[in-house]
Every structure is written in C-alpha cells, then in structure tokens.
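Once you know that position 40 of the sequence shown is 138 in this note's numbering, the rest is easy, because the numbers rise by one and skip nothing.
For every residue, glycine included, the Cβ atom is placed at its ideal position computed from N, Cα and C.
Here the structure is a predicted model, which is why all the values come from computation and not from measurement.
Structure, as structure tokens:
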Amino acid sequence: MSVDTLEGEKGLRGKIADFLALEPHILGLFAAIFLITLGEQMWGEFFALYFEALGGTVLALGVFKSVSDTLDALLQLPGGMLSDKWGRLNAGISFVLFGIGGYFIYAVAPSWEVLFLGLIMV
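Written out as structure tokens, the structure is:
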C-alpha cells in the first residue's frame, strides 16, 4: 500500500480531524481550556459581589471590567505571535498555566486592588 492509497482511504472524520488539527494533546488542551472557561462563567455572575466584599466601589468595578475587555482584545495578536514562535502546544500550556495563576490570585486577594494583578494574568 502506498502513501497515496492510505490518504485516499481517509474518511470524512479523518479529513475533518486533519483540517482542525485534532491531535490528542490539542484535544486535551482544549478540554482544559473549556473547563477553565466553564468555571469562570459559573462564578462570573458573583464577581461584582466579591469585588464589593473586598472593598471595591462600583466605579472601580467598571474600570476593572473595562480594563479586562481591553486586555482581552489587545492580547490576541501577541498571543498569536507567541503561539507561532513557541508552537501551539507550548504556547497553549504556558497560557493556561499563566491564567491559572491569575485565578489563584483572584482567590487569595486580600483587597480589590490585588485583583488587577490577577486580571493581567487571566
């Protein structure tokens, strides 16, 4: 059997997997990111109460959320560039671990000001 024959025998599922680069380590990383995002969305509704409990004001919360959205938009391009430089797997693992560090800071923050440090990491 030649390589051409093997490639010709790929079914639709194989072609889709190749197109989407669905390799086992990428799927594992996707699962980790999915679970982190799911967890973030579950507590996100209570973040304003947590922010207030740490002494933050409504104005400070507005600034926090604005900075969050701005960082989310601005960090897309550098993240893609690092992914190209380091490779998808290494960049993905690095970004996930860095984000987990940010969530840890959220969890142990003694005041609302410290949440901004976690925001930079998330």
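Asked, Found
"In whole angstroms, what is the alpha-carbon distance linking residue 173 and residue 110?", "35 Å"
"On the premise that residue 149 lies in contact with residue 210, defined as a C-beta separation below 8 Å, what is that separation, rounded to the nearest angstrom?", "6 Å"
"Looking at residue 189: is its Cβ nearer than 7 Å to the Cβ of residue 180?", "yes"
"Straight-line CA distance for residue 202 to residue 217?", "11 Å"
"Ends of the alpha helix (DSSP H) at residue 119?", "Run containing residue 119: none; DSSP gives neither H nor E here."
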